[in-house]
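S.K.: Numbering (this note's numbering), first residue to last: 511 to 878. Sharing a structure below in structure tokens format, with a few things to ask.
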């Protein structure tokens with residue numbers, strides 16, 4: 511099967527609110543860039559279905575799904591619902607598509623699982639909402655589509671599934687869902703001492719997880735070491751039949767909600783390497799709060815997954831897509847020229863610090 515891109519127009523114009531980090535366009539820009547580059551012919555694009563409540567209840571409680579639907583319908587929540595389910599908060603506000611949008615992302619990831627079950631590679635950039643819990647929203651995530659995708663792979667007969675997460679924030683919701691699981695291995699590389707303040711090196715989720723918190727300034731050289739010495743052997747040694755990769759772009763240097771220093775080349779390297787070792791790969795989006803760095807990173811993810819050559823200089827149509835973006839933060843008032851004209855960041859190499867080496871050694875010892 512050729513690589514498949516799952517998208518939806520529901521993301522276009524939908525926003526968590528003007529002051530929210532997710533006020534920016536993300537998936538629509540990736541779609542527009544990929545089309546401008548000729549990378550999204552009709553046969554490779556699938557419209558994401560909206561997951562029905564019964565499908566969501568494979569993980570989420572019926573009471574929570576009903577509360578989320580009711581909150582969208584009424585455009586308000588009671589104090590009791592806010593306290594119990596985490597809806598109507600600063601992080602997870604009430605907004606017009608607060609049920610339909612995450613249910614569409616979840617439907618895309620469930621469809622992605624079904625498509626890769628027979629072999630192949632699928633990209634759902636609207637997915638990756640890894641902070642959702644069974645009965646509660648958290649961290650901009652109303653539903654947990656990575657969990658739903660893994661459960662669907664399980665139901666389709668996959669006996670060993672690897673979940674790799676390179677978002678700047680730890681995948682607390684996914685880890686909670688699969689604590690102690692023997693058929694799922696979680697590998698998370700995330701910024702140390704960053705919300706949600708979980709995923710410590712010694713935390714193994716009762717044997718299901720390999721957590722690597724990394725220091726501020728985490729660079730491409732350090733990521734390459736982690737990829738070669740932890741992520742790939744962690745997946746191969748587990749004998750994974752399928753891999754779900756959460757590819758949050760907030761680990762890229764220009765993101766406002768982390769202090770890591772990766773180029774988008776590290777994300778593409780992870781996609782390339784996992785694609786080479788596993789016949790079934792589902793790639794999801796995730797965090798990312800700079801509209802240019804998200805668009806450039808995730809469009810390059812699709813190019814890597816689908817086998818397209820990334821040009822040194824974008825053609826005029828693609829450049830126009832990037833020049834059409836705006837951002838209310840200070841960095842958006844005078845963006846550097848390469849945010850308009852290229853996809854690939856300059857590489858960001860650096861020293862491999864002892865803190866990273868120690869973490870890698872610790873996890874390697876568990877893999878033996």
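A virtual CB, placed ideally from N, CA and C, is assigned to each residue, including glycine.
Applying the criterion that 16 or more other CB atoms from any shown protein chain within 10 Å of the CB defines a buried residue, is residue 765 buried or exposed?
M.R.: By 1-based counting over the chain shown, the position of residue 765 is 255. By the neighbour-count rule (16 or more Cβ atoms within 10 Å), residue 765 is buried.
S.K.: Between residue 745 and residue 870, is the Cβ-Cβ spacing less than 8 Å?
M.R.: Residue numbering aside, residue 745 sits at position 235 when the chain shown is read from its first letter. Residue numbering aside, residue 870 sits at position 360 when the chain shown is read from its first letter. Against a cut-off of 8 Å, the Cβ pair of residue 870 and residue 745 comes out as no contact.
S.K.: At which residue ranges does the region 550-576 contain complete beta strand (DSSP E) runs of 3 or more residues, listed in the order of the chain?
M.R.: List check, beta strand (DSSP E) in window: 555-557.
S.K.: At 4 residues or longer, what runs of the alpha helix (DSSP H) sit wholly inside the region 657-723?
M.R.: Correct list: 682-687.
S.K.: What three-state label does DSSP hand residue 533 in the structure shown?
M.R.: Here residue 533 refers to the residue found at position 23 of the chain shown. In the structure shown, residue 533 sits in a helix (DSSP, three-state: H, G or I).
S.K.: With DSSP collapsed to three states, give me the class of residue 734.
M.R.: Indexing the chain shown from 1 puts residue 734 at position 224. Residue 734: helix per DSSP, three-state reduction.
S.K.: Let me know if residue 548 comes out buried or exposed under the rule of 16 or more other beta-carbons within 10 Å of its beta-carbon.
M.R.: Taking the chain shown and counting its residues from 1, one reaches residue 548 at position 38. With fewer than 16 Cβ atoms within 10 Å of its Cβ, residue 548 is classed as exposed.
S.K.: State the CB to CB distance for the pair residue 559 and residue 617, rounded to an integer number of angstroms; the pair is presumed to be in contact (CB under 8 Å).
M.R.: Position 49 of the chain shown, counted from the start, is the residue given in the question as residue 559. Position 107 of the chain shown, counted from the start, is the residue given in the question as residue 617. Between residue 617 and residue 559 the Cβ distance is about 4 Å, and since that is below 8 Å, they are a contact.
S.K.: Pull up the distance between the alpha-carbon of residue 516 and that of residue 809, whole angstroms please.
M.R.: Numbered from 1 along the chain shown, position 6 holds the residue referred to as residue 516. Numbered from 1 along the chain shown, position 299 holds the residue referred to as residue 809. Going from the Cα of residue 516 to the Cα of residue 809 covers about 13 Å.
S.K.: State the Cα-Cα distance for the pair residue 741 and residue 734, rounded to the nearest angstrom.
M.R.: Along the chain shown, read from residue 1 onward, the residue named residue 741 stands at position 231. Along the chain shown, read from residue 1 onward, the residue named residue 734 stands at position 224. Using only the alpha carbons, I get a separation of about 10 Å.
S.K.: In the structure shown, what three-state DSSP assignment does residue 792 receive?
M.R.: For the purposes of this step, residue 792 is identified with residue 282 of the chain shown, where counting begins at 1. Strand.
S.K.: For residue 633, which beta-bridge partners are listed by DSSP?
M.R.: For the purposes of this step, residue 633 is identified with residue 123 of the chain shown, where counting begins at 1. Partner(s): 515 and 793.
S.K.: For residue 827, does the count of other Cβ atoms within 10 angstroms reach 16, so buried, or fall short, so exposed?
M.R.: To locate residue 827, count along the chain shown from 1; it is residue 317. Residue 827 comes out exposed.
S.K.: Here's the rule: buried if 16 or more other CB atoms are within 10 angstroms of the residue's CB, otherwise exposed. What is residue 679?
M.R.: Here residue 679 refers to the residue found at position 169 of the chain shown. Buried: at least 16 other Cβ atoms inside 10 Å.
S.K.: Whose CA, out of 704, 717 and 703, lies closest to the CA of residue 696?
M.R.: Here residue 696 refers to the residue found at position 186 when the chain shown is read from its first residue. Looking at the Cα atoms, 717 is the closest of the given residues.
S.K.: May I have the straight-line CA-CA distance separating residue 805 from residue 638, to the nearest angstrom?
M.R.: The residue given as residue 805 occupies position 295 in the chain shown. The residue given as residue 638 occupies position 128 in the chain shown. Each residue's alpha carbon lies about 15 Å from the other.
S.K.: Please report the residue range of the alpha helix (DSSP H) in which residue 621 lies.
M.R.: Mapped onto the chain shown, residue 621 falls at position 111. Residues 610-626.
S.K.: Below 8 Å between beta carbons: does that hold for residue 674 and residue 792?
M.R.: Sequence index remark: in the chain shown, residue 674 carries index 164 (1-based). Sequence index remark: in the chain shown, residue 792 carries index 282 (1-based). In this structure, residue 792 does not lie closer than 8 Å to residue 674 by Cβ.
S.K.: When you compare only the Cα positions, how much space is there between residue 731 and residue 866?
M.R.: Numbered from its first residue, the chain shown carries residue 731 at position 221. Numbered from its first residue, the chain shown carries residue 866 at position 356. So the alpha carbons of these two residues sit roughly 11 Å apart.
S.K.: Taking the beta carbon of residue 612 as the centre, do at least 16 other beta carbons fall within 10 Å, making it buried, or is it exposed?
M.R.: As a working mapping, residue 612 is identified with position 102 in the chain shown. Residue 612 comes out buried.
S.K.: How close, in whole Å, do the beta carbons of residue 757 and residue 794 come, if the pair is a contact with beta carbons under 8 Å?
M.R.: Position 247 of the chain shown, counting from 1, holds the residue named residue 757. Position 284 of the chain shown, counting from 1, holds the residue named residue 794. 6 Å between Cβ atoms; contact.
S.K.: Provide the residue(s) that pair with residue 649 in DSSP beta bridges, ordered along the chain.
M.R.: Reading the chain shown from its first residue, position 139 is the one you call residue 649. Its beta-bridge partners do not exist; DSSP assigns none.
S.K.: In three-state terms, what does DSSP make of residue 755?
M.R.: For the purposes of this step, residue 755 is identified with residue 245 of the chain shown, where counting begins at 1. It is a strand residue.
S.K.: To the nearest angstrom, report how far apart residue 693 and residue 775 are at their CA atoms.
M.R.: For the purposes of this step, residue 693 is taken as the residue at position 183 of the chain shown. For the purposes of this step, residue 775 is taken as the residue at position 265 of the chain shown. Distance between the alpha carbons of residue 693 and residue 775: 30 Å.
S.K.: Quick one: using the 10 Å Cβ neighbour count with 16 as the cut-off for buried, is residue 780 buried or exposed?
M.R.: By one-based count along the chain shown, residue 780 stands at place 270. By the 10 Å Cβ count, residue 780 comes out buried.
S.K.: Taking C-alpha atoms, which residue in 522, 685 and 715 lies nearest to residue 537?
M.R.: Here the question's residue 537 lines up with position 27 in the chain shown. Ranking 522, 685 and 715 by Cα distance to residue 537 puts 522 first.
S.K.: What's the C-alpha gap between residue 830 and residue 687?
M.R.: For the purposes of this step, residue 830 is taken as residue 320 along the chain shown, with counting starting at 1. For the purposes of this step, residue 687 is taken as residue 177 along the chain shown, with counting starting at 1. Approximately 42 Å, taken between the alpha carbons.
S.K.: Report yes if the CB atom of residue 544 is closer than 8 Å to the CB atom of residue 631, and no otherwise.
M.R.: One-based indexing of the chain shown puts residue 544 at position 34. One-based indexing of the chain shown puts residue 631 at position 121. No. Outside cutoff.
S.K.: My understanding is that residue 595 touches residue 646, with C-beta atoms under 8 Å, so please give their C-beta distance in whole angstroms.
M.R.: Taking the chain shown and counting its residues from 1, one reaches residue 595 at position 85. Taking the chain shown and counting its residues from 1, one reaches residue 646 at position 136. With 8 Å as the limit, residue 595 and residue 646 qualify as a contact, their Cβ atoms being about 5 Å apart.
S.K.: For a quick check, are the C-beta atoms of residue 753 and residue 784 less than 8 Å apart?
M.R.: Along the chain shown, read from residue 1 onward, the residue named residue 753 stands at position 243. Along the chain shown, read from residue 1 onward, the residue named residue 784 stands at position 274. Cβ distance < 8 Å, so residue 753 and residue 784 count as in contact.
S.K.: Quick one: grab the DSSP three-state call for residue 742.
M.R.: Reading the chain shown from its first residue, position 232 is the one you call residue 742. Of the three classes helix, strand and coil, the one that applies to residue 742 here is helix, per DSSP.
S.K.: Count the other CB atoms within 10 Å of the CB of residue 589; is the residue buried (16 or more) or exposed (fewer)?
M.R.: Residue 589 sits at position 79 when you count from the first residue of the chain shown. By the neighbour-count rule (16 or more Cβ atoms within 10 Å), residue 589 is not buried but exposed.
S.K.: In its own chain, which residues sit with a C-beta less than 7 Å from the C-beta of residue 782, not counting the 5 before and 5 after it?
M.R.: Sequence index remark: in the chain shown, residue 782 carries index 272 (1-based). Only 814 meet the Cβ criterion.
S.K.: Give me the Cα-Cα distance between residue 575 and residue 615, rounded to the nearest whole angstrom.
M.R.: Working through the chain shown from its first residue, we reach residue 575 at position 65. Working through the chain shown from its first residue, we reach residue 615 at position 105. Cα to Cα, residue 575 sits roughly 15 Å from residue 615.
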